[in-house]
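Asker: Numbers 3 to 571, taken from our numbering, label the letters of the sequence shown in order. Before anything else, here's the structure in question.
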Amino acid sequence: MNMSLRSPLKSIFAFGLLRALEHRIQSIPHRFVTLAPILLVFLAGTLSMASMYRQLVFTSKEIQGTYDIEFLIKLRSALKEARGLRQFPPNLPSAGVTVNPLINLDIPASDKQTVRNLSDLNRSYLAEALSSPQWLSIKRRYGFHLGDIKVDLVRNFDGADFDYAADFNRFSDRLEDLNEYFALVADESNLTLDPQLDTYYLMSLTTAILPSLIDVISEIRGAHVSVDLNRSKADKNQSSDLMPNLSSLAILLEYQLTVLNRTLNIISFSAPSAYASLKLNRLELVDKIDSLNPILTDHQTSGAESAIKHWNLSTDLVGFLQNIETNGLRILREKLEDRRRSIALQLATVSSLLLLGSILIYLVNQSLYGRLSRALINLNQLANTDPLTKLLSRRSLSPLFYNFFRPDSTSFEGIGVCLLDIDHFKLYNDTYGHAKGDDALVAVASLLKENLLRKGDSAFRYGGEEFLLLVSTNSSSNLEKFLESLRARIEKLQIPHSASHVSQYITVSIGAVFVPSDCHDINLENILLLADKQLYDVKNASRNGLSLIQYTPDLGVELTVPVDRRMIH
């Protein structure tokens, strides 16, 4: 394609595109154009924030669960210790009896004289724990109902008719209930559902494997104490009842130790950071287990000394395992709190970016919409403006003319519709060239525009060398004076025109119609034909003159133009 044709074609294409955009945009409400992108961004951001918020709630429940589990660990430990202590004779000296350090941290020496004193302290601890706000909130949070635990705590366990086996089973039943609640807390607080490997195994270790192992060891501890003490009393029924239970517990303990060992191996290989944070001494754990194993198969011992030995070995191992459990819970909680802080920071960052982004989109959108609106206004102005003279084009004439006759229009008595034609302009172009002809048109147009008297007056380029004026005025005489002054000023521009038959300078012929404002059913085409006839009469007579009439409906009906005066040069 010829390079000289590309630029006009591009201009035509751009013009057409802008016109199409103009109609499209004008049909869309401004509020929708401004708010729609913001709403879409907010929708996407809200979905992302909702996902992060769910993660935040999930992690917060996990953190709360670690506190609840830690409380339940101490509560279960105290209940297991109560079960075992009640198997001892109440007045047995407490010297050498090991108690769980997790639940009896500050016991004065004077309160440890007998097992009865230790049991009373244990019972006080349990009563206080089961009346604490933390336990009440746990029951409310998870729907627990353990109304019969306190009854067992205050039951008297001395006297000739006290049934040690029944009491042991009663506590075991309460522990079974508590174990169910323990598992429920772990499940409801998402501690068994965490997606990350290291925290998942820490949760599995602290909420499932270690509690099950401690349960078995605690039950063995109480059962063995009962067997040792009751065998010394030759209580055949008590011994025979608990001996099969000890054998089955020994098998279960072996299985639980296997599960613990396998889980620790998995953690050490799959989540080494979690394993390292436990600071677990595997050799010490093996030594304690090895110390306990022989007593599980030793059914010949009896007496208080043997019972205390078995109690202490088991309690020592339980304390060791509970230290691992509480340490794991602490590390788990720290990891979860770090995760929660990270999610909260992400949520705050996304919220801030979303807000700033929405504000930025709004400002940019407003700016772009404003620019596009101004571009469309400029486009309309270009479409309604003659590119050479910068006067209005013919397409703007009709709305401006009829706008004058609106009820809320100005109070002028009428409007003048005036056609101006440069005399012998074809001869001017032939003599001086089209470039000079364009300069002459621009000069005449500038003078017309500068001499418009009122804001509502308008000047148009009506044809090649023709101009049109819409002039608001109070009378036809005033309009005639204005047009005569305008004709004279154009001649005084003294633009040379040696080929003119009228003057040595450029002149104009004017035909005008004064239309009173009280006229109704005005037809612009008739008015233009009337003005055209007046211009024809001037050009046909002498040129460089003026012809003006006042409009009446009869003139509009009878109007005929016998000759096209545009053929007259």
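Glycine residues also receive a C-beta, built at the ideal position from the N, C-alpha and C atoms. Here the structure is a predicted model, which means the values were calculated and not measured.
Which of the three DSSP states is assigned to residue 101 in this structure?
Answerer: Residue state, collapsed to three classes: coil.
Asker: Can you tell me whether residue 541 is buried or exposed, with buried defined as 16 or more other CB within 10 angstroms of its CB?
Answerer: buried
Asker: Does the Cβ-Cβ distance between residue 417 and residue 504 come in under 8 angstroms?
Answerer: no
Asker: Spell out whether any CB of chain C is found under 8 angstroms from the CB atom of residue 452.
Answerer: Of the protein chains in the structure, only one exists, and it is not chain C.
Asker: Evaluate residue 527 with the Cβ neighbour count: other Cβ atoms within 10 Å of its Cβ, from every protein chain shown; 16 or more gives buried, anything less gives exposed.
Answerer: Burial state of residue 527 is exposed, judged by a 10 Å Cβ sphere holding fewer than 16 other Cβ atoms.
Asker: Given a cut-off of 8 angstroms on the beta-carbon distance, is the pair residue 88 and residue 169 in contact?
Answerer: yes
Asker: Between the beta-carbon of residue 338 and the beta-carbon of residue 201, is there less than 8 angstroms?
Answerer: Yes; because the gap between Cβ atoms is below 8 angstroms, this pair is in contact.
Asker: Using a Cβ-Cβ cutoff of less than 7 angstroms, which residues in the same chain neighbour residue 390 once the five nearest sequence positions on both sides are dropped?
Answerer: Once the five neighbours on either side are set aside, the close Cβ partners of residue 390 are 440, 443 and 444.
Asker: Can you name the start and end residues of the alpha helix (DSSP H) that residue 498 belongs to?
Answerer: It is not in any alpha helix (DSSP H) - residue 498 carries neither H nor E in the DSSP assignment.
Asker: Assign residue 553 to one of two classes, buried (16 or more other C-beta atoms within 10 Å of its C-beta) or exposed (fewer than that).
Answerer: buried
Asker: One question on the structure: do residue 515 and residue 472 come within less than 8 angstroms of each other, judged by their Cβ atoms?
Answerer: no
Asker: Assuming residue 458 and residue 474 are in contact, meaning their beta carbons sit under 8 angstroms apart, how far apart are those beta carbons, in whole angstroms?
Answerer: Yes, they are in contact, since the Cβ atoms of residue 458 and residue 474 sit about 5 angstroms apart, within 8 angstroms.
Asker: Where does residue 509 sit, in a helix, a strand or coil, going by DSSP?
Answerer: For residue 509, the secondary structure class from DSSP, reduced to helix, strand or coil, is coil.
Asker: What does the Cβ neighbour count give for residue 249, buried or exposed, with the cut at 16 atoms within 10 Å?
Answerer: exposed
Asker: So, for residue 369: in the same chain, excluding its five sequence neighbours on each side, which residues have a beta-carbon less than 7 angstroms away from its beta-carbon?
Answerer: none
Asker: In angstroms, rounded to a whole number, what distance separates the CA positions of residue 495 and residue 508?
Answerer: 8 angstroms
Asker: If you draw a straight line from the C-alpha of residue 182 to the C-alpha of residue 362, how long is it?
Answerer: Taken atom to atom, the span from the alpha-carbon of residue 182 to that of residue 362 is near 55 angstroms.
Asker: Which residues bound the beta strand (DSSP E) around residue 88?
Answerer: No beta strand (DSSP E) contains residue 88, which DSSP labels as neither H nor E.
Asker: Check whether the region 49-57 touches the region 343-355, taking contact to mean three or more Cβ pairs, one atom from each stretch, closer than 8 angstroms.
Answerer: yes
Asker: Taking DSSP as the reference, what is the three-state secondary structure of residue 95?
Answerer: strand
Asker: Who are the near neighbours of residue 398 in its chain, counting only those whose CB is closer than 6 angstroms to its CB and skipping five residues on each side?
Answerer: Same-chain partners within the cutoff: 386.
Asker: Is the beta carbon of residue 211 less than 8 angstroms from the beta carbon of residue 262?
Answerer: yes
Asker: Looking at C-beta atoms only, is the number of pairs between the region 78-85 and the region 176-193 that lie closer than 8 angstroms three or more?
Answerer: Segments in contact, yes.
Asker: In terms of residues, what are the limits of the alpha helix (DSSP H) holding residue 592?
Answerer: Residue 592 lies beyond the range of the chain shown here (3 to 571); nothing can be said about it.
Asker: Which class does residue 555 belong to by DSSP, given the choice of helix, strand or coil?
Answerer: Residue 555: helix per DSSP, three-state reduction.
Asker: With contact counted as at least three CB pairs below 8 angstroms, one residue from each stretch, are the region 322-339 and the region 222-232 in contact?
Answerer: no
Asker: Flag this pair as yes or no: are the beta carbons of residue 512 and residue 548 separated by less than 8 angstroms?
Answerer: In this structure, residue 512 lies near residue 548, with their beta-carbon atoms less than 8 angstroms apart.
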